[in-house]
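Undergrad:
In the working numbering, the protein residues as written are 1 to 425.
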């Protein structure tokens with residue numbers, strides 16, 4: 001069974017997260033997106049955990065679904081199709097090797113009981129109620145110990161590993177290898193999460209990741225953003241099968257769905273306050289200093305990967321074990337360009353709902369629908385935009401220092417050329 005899973009999201013109890021991120025809404029939007037499995041996110045927060053235990057029920061081993069009594073029977077989406085995996089994200093703040101570290105890690109539990117055990121242990125060293133993604137003064141290695149001691153089936157996966165401020169390899173407070181971070185426990189970390197500003201091909205360049213799986217998740221803070229990145233599995237639904245696929249990196253792990261990494265907020269280097277954006281080569285010419293204010297540039301993901309890859313593997317390197325991945329632009333962004341209006345406009349979301357209810361879930365429409373059906377079912381400019389996205393025929397102004405990159409599929413006014421094309425099919 002092939003399915004999409006987004007197992008890196010947040011609840012409404014995390015800072016800067018939409019209050020609409022409820023279990024009911026997540027279950028509904030997962031179906032609209034075409035996601036079979038979604039993380040609960042933030043199971044360490046006491047109030048959110050209470051909702052999880054009250055509103056979800058066990059189904060396949062280690063997976064949960066929304067109880068029928070909490071489903072909205074007046075809308076067409078079957079919320080009980082969505083499977084939840086118990087997940088959380090921890091922000092570890094500590095000092096190691098004489099450097100301050102701020103590192104984010106994803107944690108997964110195989111059962112409610114184990115999740116409760118992990119949360120109890122963490123509550124002894126930090127305030128879990130302050131944030132859905134708690135900031136805890138604990139070494140990453142000590143967090144991994146807690147996770148492993150809670151259950152042999154519990155898992156820790158470093159999150160958005162290249163992000164400058166909070167990635168395990170980030171330029172601001174990260175390490176130069178997983179072994180430097182986790183010491184002798186490094187073999188227990190069998191996967192890394194790419195983050196929006198890198199894709200698998202960029203991570204393939206790093207030799208010390210050769211025996212690690214690469215997974216992707218949305219890190220979503222709002223409903224429309226879930227599924228903007230995802231992992232693809234080909235196995236039966238269960239917690240054990242998902243984690244076994246990541247651990248073994250066999251055929252059960254079928255690949256990932258990715259941002260165009262240039263669109264990520266930290267792909268290039270720069271200084272947002274001065275609107276300075278540099279490629280790694282340009283940054284070197286300026287000694288990594290902003291030419292407008294002389295403050296240090298925030299060194300982004302591409303530069304950091306170049307640094308750790310060294311000269312051994314250039315861009316384009318592909319190892320024998322590489323899994324396929326697909327770059328994607330979200331349907332609301334495509335519709336925004338096709339219609340020539342903002343992506344938060346009523347017109348975009350009216351068209352979005354029409355497509356996913358009439359044609360199929362978003363991921364299926366964008367990635368799996370045959371071209372003849374794309375052109376038959378979607379309006380001319382939308383169909384053209386989907387096909388250009390699949391072919392990588394678009395331009396991206398890279399993101400930097402917290403600013404998202406900008407994708408353009410059409411040149412100005414070009415979308416209008418395709419407005420009548422649907423009638424030809």
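We treat Cβ as the ideally placed atom computed from N, Cα and C, and that holds for glycine. Predicted, not measured: the structure shown is a model, and the values here were computed from it.
Might you give, ordered along the chain, the residues of its own chain that have their beta carbon closer than 6 Å to the beta carbon of residue 115, omitting 5 neighbours on each side?
TA: Translated into the one-based positions of the chain shown, residue 115 becomes position 115. Contacts found: 43, 86 and 109.
Undergrad: Applying the criterion that 16 or more other CB atoms from any shown protein chain within 10 Å of the CB defines a buried residue, is residue 228 buried or exposed?
TA: Sequence index remark: in the chain shown, residue 228 carries index 228 (1-based). Residue 228 is buried by the Cβ-count criterion.
Undergrad: Among the residues of its own chain, which have a CB less than 6 Å from the CB of residue 359, if the five just before and after it don't count?
TA: Reading the chain shown from its first residue, position 359 is the one you call residue 359. Contacts found: 365 and 377.
Undergrad: With residue 143 and residue 90 assumed to form a contact (beta carbons below 8 Å), what rounded beta-carbon distance in angstroms separates them?
TA: Numbered from its first residue, the chain shown carries residue 143 at position 143. Numbered from its first residue, the chain shown carries residue 90 at position 90. Their Cβ separation, rounded to whole angstroms, is 6 Å, which keeps residue 143 and residue 90 in contact under 8 Å.
Undergrad: For the putative contact between residue 415 and residue 337, defined by C-beta atoms under 8 Å, what is the C-beta separation to the nearest angstrom?
TA: Translated into the one-based positions of the chain shown, residue 415 becomes position 415. Translated into the one-based positions of the chain shown, residue 337 becomes position 337. Right, the Cβ-Cβ distance comes to about 6 Å (below 8 Å), so this counts as a contact.
Undergrad: Note down, one range per segment and in chain order, each alpha helix (DSSP H) of at least 4 residues found wholly within the segment 239-308.
TA: Counting whole runs of 4 or more residues, the segment 239-308 contains the alpha helix (DSSP H) stretches 239-248 and 280-285.
Undergrad: Does the contact criterion of 3 or more C-beta pairs under 8 Å hold for the segment 36-53 versus the segment 9-20?
TA: yes
Undergrad: Are the Cβ atoms of residue 35 and residue 5 separated by less than 8 Å?
TA: As a first step, residue 35 is located in the chain shown; it is residue number 35 there, counting from the start. As a first step, residue 5 is located in the chain shown; it is residue number 5 there, counting from the start. Yes, the pair counts as a contact, with Cβ atoms nearer than the cut-off.
Undergrad: Taking its Cβ as the centre, do 16 or more other Cβ atoms sit within 10 Å of residue 1, making it buried, or is it exposed?
TA: Taking the first residue of the chain shown as position 1, residue 1 is located at position 1. So residue 1 ends up on the exposed side.
Undergrad: For my contact list, residue 383 and residue 375 are in at a C-beta cut-off of 8 Å; report their separation, rounded to the angstrom.
TA: Walking along the chain shown from the start, residue 383 turns up at place 383. Walking along the chain shown from the start, residue 375 turns up at place 375. Yes, they are in contact, since the Cβ atoms of residue 383 and residue 375 sit about 5 Å apart, within 8 Å.
Undergrad: Applying the 10 Å Cβ sphere with the 16-neighbour rule, what's the burial state of residue 33?
TA: Reading the chain shown from its first residue, position 33 is the one you call residue 33. Residue 33 comes out buried.
Undergrad: When burial is assigned at 16 or more other CB atoms within 10 Å of the CB, is residue 342 buried or exposed?
TA: Residue mapping note: residue 342 aligns to position 342 of the chain shown, counting from 1. Counting Cβ neighbours within 10 Å, residue 342 comes out exposed, since fewer than 16 surround it.
Undergrad: Taking just the CA atoms, how far does residue 24 sit from residue 411?
TA: Here residue 411 corresponds to residue number 411 of the chain shown, with the count starting at 1. Here residue 24 corresponds to residue number 24 of the chain shown, with the count starting at 1. Each residue's Cα considered, the two are about 39 Å apart.
Undergrad: My understanding is that residue 255 touches residue 232, with C-beta atoms under 8 Å, so please give their C-beta distance in whole angstroms.
TA: Against the chain shown, residue 255 aligns to sequence position 255. Against the chain shown, residue 232 aligns to sequence position 232. Between residue 232 and residue 255 the Cβ distance is about 5 Å, and since that is below 8 Å, they are a contact.
Undergrad: For the segment 274-287 against the segment 138-152, do three or more pairs of beta-carbon atoms, one drawn from each stretch, fall closer than 8 Å, so that the two count as touching?
TA: At 8 Å Cβ cutoff, the stretches do not touch.
Undergrad: Rounded to the nearest angstrom, what separates residue 295 and residue 77 at their Cα positions?
TA: By one-based count along the chain shown, residue 295 stands at place 295. By one-based count along the chain shown, residue 77 stands at place 77. Computed Cα separation, rounded: 51 Å.
Undergrad: Taking all protein chains shown into account, do 16 or more other C-beta atoms lie within 10 angstroms of the C-beta of residue 304, making it buried, or fewer, making it exposed?
TA: Taking the chain shown and counting its residues from 1, the one referred to as residue 304 is at position 304. The residue in question, residue 304, is buried, as its Cβ has 16 or more Cβ neighbours within 10 Å.
Undergrad: Starting from residue 4 and walking both ways along the beta strand (DSSP E), at which residues does that stretch end?
TA: To locate residue 4, count along the chain shown from 1; it is residue 4. First-last of the beta strand (DSSP E) with residue 4: 2-6.
Undergrad: Do residue 398 and residue 267 have their C-beta atoms within less than 8 Å of each other?
TA: Along the chain shown, read from residue 1 onward, the residue named residue 398 stands at position 398. Along the chain shown, read from residue 1 onward, the residue named residue 267 stands at position 267. Yes, the pair counts as a contact, with Cβ atoms nearer than the cut-off.
Undergrad: With burial defined as no fewer than 16 other Cβ atoms inside 10 Å of the residue's Cβ, what is the status of residue 395: buried or exposed?
TA: Position 395 of the chain shown holds residue 395. Classification of residue 395: exposed, given that the 10 Å Cβ count is below 16.
Undergrad: Out of 112, 148, 58 and 405, state which residue places its alpha-carbon closest to the alpha-carbon of residue 46.
TA: Numbered from 1 along the chain shown, position 46 holds the residue referred to as residue 46. The shortest C-alpha to C-alpha distance from residue 46 to any of 112, 148, 58 and 405 is the one to 112.
Undergrad: Counting along the chain, where does the beta strand (DSSP E) carrying residue 155 start and finish?
TA: Here residue 155 corresponds to residue number 155 of the chain shown, with the count starting at 1. That run of the beta strand (DSSP E) goes 155-158.
Undergrad: Taking only runs that begin and end inside the segment 29-56, name each unbroken alpha helix (DSSP H) of 4 or more residues, in chain order.
TA: 46-55
Undergrad: Please name the residue in 96, 88, 380 and 222 whose C-alpha comes closest to that of residue 20.
TA: The count along the chain shown starts at 1 and reaches residue 20 at position 20. Ranking the options by Cα distance to residue 20, first place goes to 222.
Undergrad: Between which two residues does the beta strand (DSSP E) holding residue 87 run?
TA: Numbered from its first residue, the chain shown carries residue 87 at position 87. Segment 83-96, the beta strand (DSSP E) holding residue 87.
Undergrad: In three-state terms, what does DSSP make of residue 408?
TA: Mapped onto the chain shown, residue 408 falls at position 408. It is a strand residue.
Undergrad: Within 10 angstroms of the Cβ of residue 181, are there 16 or more other Cβ atoms? Answer buried if so, exposed if not.
TA: On the chain shown, position 181 is the one that residue 181 refers to. Result: buried.
Undergrad: In the DSSP assignment, find the unbroken alpha helix (DSSP H) run with residue 352 in it and report its ends.
TA: By 1-based counting over the chain shown, the position of residue 352 is 352. 346-358 is the extent of the alpha helix (DSSP H) around residue 352.
Undergrad: Ignoring anything shorter than 3 residues, give me the beta strand (DSSP E) runs that lie fully in the segment 125-169, in order along the chain.
TA: Counting whole runs of 3 or more residues, the segment 125-169 contains the beta strand (DSSP E) stretches 155-158.
Undergrad: Anyone know if the C-beta pair for residue 189 and residue 158 falls short of 8 Å?
TA: The residue labelled residue 189 in the question sits at position 189 within the chain shown. The residue labelled residue 158 in the question sits at position 158 within the chain shown. Cβ atoms of residue 189 and residue 158: closer than 8 Å.
Undergrad: When DSSP labels each residue in this structure, what does residue 380 get in the three-state scheme?
TA: On the chain shown, position 380 is the one that residue 380 refers to. Three-state DSSP puts residue 380 in a helix.
Undergrad: With DSSP as the reference, label residue 343 as helix, strand or coil.
TA: For the purposes of this step, residue 343 is taken as residue 343 along the chain shown, with counting starting at 1. Assignment of residue 343 by DSSP, reduced to helix, strand and coil, places it in the coil class.
Undergrad: Which residues in the same chain as residue 51 place their Cβ atom closer than 7 Å to its Cβ, once the five residues preceding and following it in sequence are excluded?
TA: Numbered from 1 along the chain shown, position 51 holds the residue referred to as residue 51. These residues qualify, in order along the chain: 23.
Undergrad: With respect to the alpha helix (DSSP H) encompassing residue 112, which residues constitute its N-terminal and C-terminal limits?
TA: Residue 112 sits at position 112 when you count from the first residue of the chain shown. That run of the alpha helix (DSSP H) goes 112-123.
Undergrad: Of the residues 100, 218 and 186, which one's Cα is nearest the Cα of residue 174?
TA: Indexing the chain shown from 1 puts residue 174 at position 174. Comparing Cα-Cα distances from residue 174 to each of 100, 218 and 186, the minimum goes to 100.
Undergrad: Use the C-beta contact count for residue 425: other C-beta atoms within 10 angstroms, 16 or more gives buried, fewer gives exposed.
TA: One-based indexing of the chain shown puts residue 425 at position 425. Confidence in residue 425 is poor, its pLDDT being 42 and thus under 50, which makes the residue's placement too unreliable to answer from.
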